[in-house]
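Here's the structure, in structure tokens; my notes come after.
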Amino acid sequence: MLRVRGLSIQLGGRPILRDVNLTLAEAETLVVLGSSGCGKSTLLKCLAGLLRPAAGTVAVSGSVAGPISLYLDQEPLLFEHLNVFENAAFALRLRRTAEAEVRREVGQLLELTGLESEVRKSVWQLSGGQKQRLAFVRALLARPRLLLMDEPFASLDAQTRLNMQAIFCSLAEQHQMTTVFVTHDVREALTLGTVFGRLVGGGYRDYGCRAEFIADPETGVREELDFWDGIRGAD
228 MLRVRGLSIQ
238 LGGRPILRDV
248 NLTLAEAETL
258 VVLGSSGCGK
268 STLLKCLAGL
278 LRPAAGTVAV
288 SGSVAGPISL
298 YLDQEPLLFE
308 HLNVFENAAF
318 ALRLRRTAEA
328 EVRREVGQLL
338 ELTGLESEVR
348 KSVWQLSGGQ
358 KQRLAFVRAL
368 LARPRLLLMD
378 EPFASLDAQT
388 RLNMQAIFCS
398 LAEQHQMTTV
408 FVTHDVREAL
418 TLGTVFGRLV
428 GGGYRDYGCR
438 AEFIADPETG
448 VREELDFWDG
458 IRGAD
């Protein structure tokens, strides 16, 4: 579905990513783990066609990535002139979806994300967390062939973040979504991912399976899992 070969990116003459190679099958969620500044956002922007690589290729189902991919940024980029409902319904309106179906799909997701009472509000009336949830809903309803997610839950409180992760996992399975999700959070990576990768120093490592990802001492996954196991054991 997604095929990246020899991808290298420079910004201001400085190398950011070097010779990245990855393949992602349909209906999989690739979680790319990496610390701040390692190039996670740069990778997603290149996959979305927002940045031109210095070398290499990005192809989605054999075609150059473009409108068939959707990039969900850390900042909720919403339409200020539309209310909550119409922001969420934007992609459905573009597809000329029947009104009853629009109301059903939008209403269902707004209820799941706790925004059902805000449907007539303007964007400026929402909190930062509500805006982020609305951007998430709009992205899901767009149903792109490839969804690119740049730590969209990072600004949410802990419980809301867990809820959004659960909603994503459920809908990703239900609609067979193909997603690249970048994060610095080990627990989020394990919660959302079906396949895993890691960015460090501009280089990319692909993991054959979840067990391999957990076992690699460089990821810090095993250490964090042991820490939380210790906390639960102390209780």
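Quick note on numbering: the numbering used here labels position 14 of the sequence shown as 241, and the sequence is numbered without any gaps.
Note that beta-carbon positions come from the ideal geometry of N, C-alpha and C, so glycine has one too.
Fair warning: this is a prediction, and the values are worked out from it, not measured in the lab.
Checklist entry - Distance, Cα to Cα, residue 384 vs residue 411? => result A straight-line Cα-Cα distance of about 16 Å links residue 384 and residue 411.
Checklist entry - How is residue 283 classed by DSSP in three states: helix, strand or coil? => result Here DSSP, grouped into helix, strand and coil, assigns residue 283 to strand.
Checklist entry - For residue 246, which of 232, 258, 253, 255 has the nearest alpha-carbon? => result Of the candidates 232, 258, 253, 255, the one whose C-alpha sits nearest the C-alpha of residue 246 is 232.
Checklist entry - Looking only at its own chain, which residues have a Cβ that is under 6 Å from the Cβ of residue 268, when we skip the five neighbours before and after it? => result Excluding sequence neighbours, residue 268 sits near 377.
Checklist entry - For the alpha helix (DSSP H) that contains residue 397, what are its first and last residues? => result Where residue 397 is concerned, the enclosing alpha helix (DSSP H) stretches over 385-401.
Checklist entry - In this structure, does DSSP put residue 406 in helix, strand or coil? => result Judged by DSSP in its simplified three-state form, residue 406 adopts strand.
Next on the checklist: Here's the rule: buried if 16 or more other CB atoms are within 10 angstroms of the residue's CB, otherwise exposed. What is residue 325?
Outcome noted: Residue 325 should be labelled exposed.
Checklist entry - Quick one: any contact between the region 306-320 and the region 334-346, if contact means 3 or more CB pairs under 8 Å? => result Three or more beta-carbon pairs separated by less than 8 Å link the region 306-320 to the region 334-346, which places the two stretches in contact.
Next on the checklist: With the cut-off set at 8 Å, would you say residue 258 and residue 423 are in Cβ contact?
Outcome noted: For the pair residue 258 and residue 423, the CB atoms are nearer than the 8 Å cut-off.
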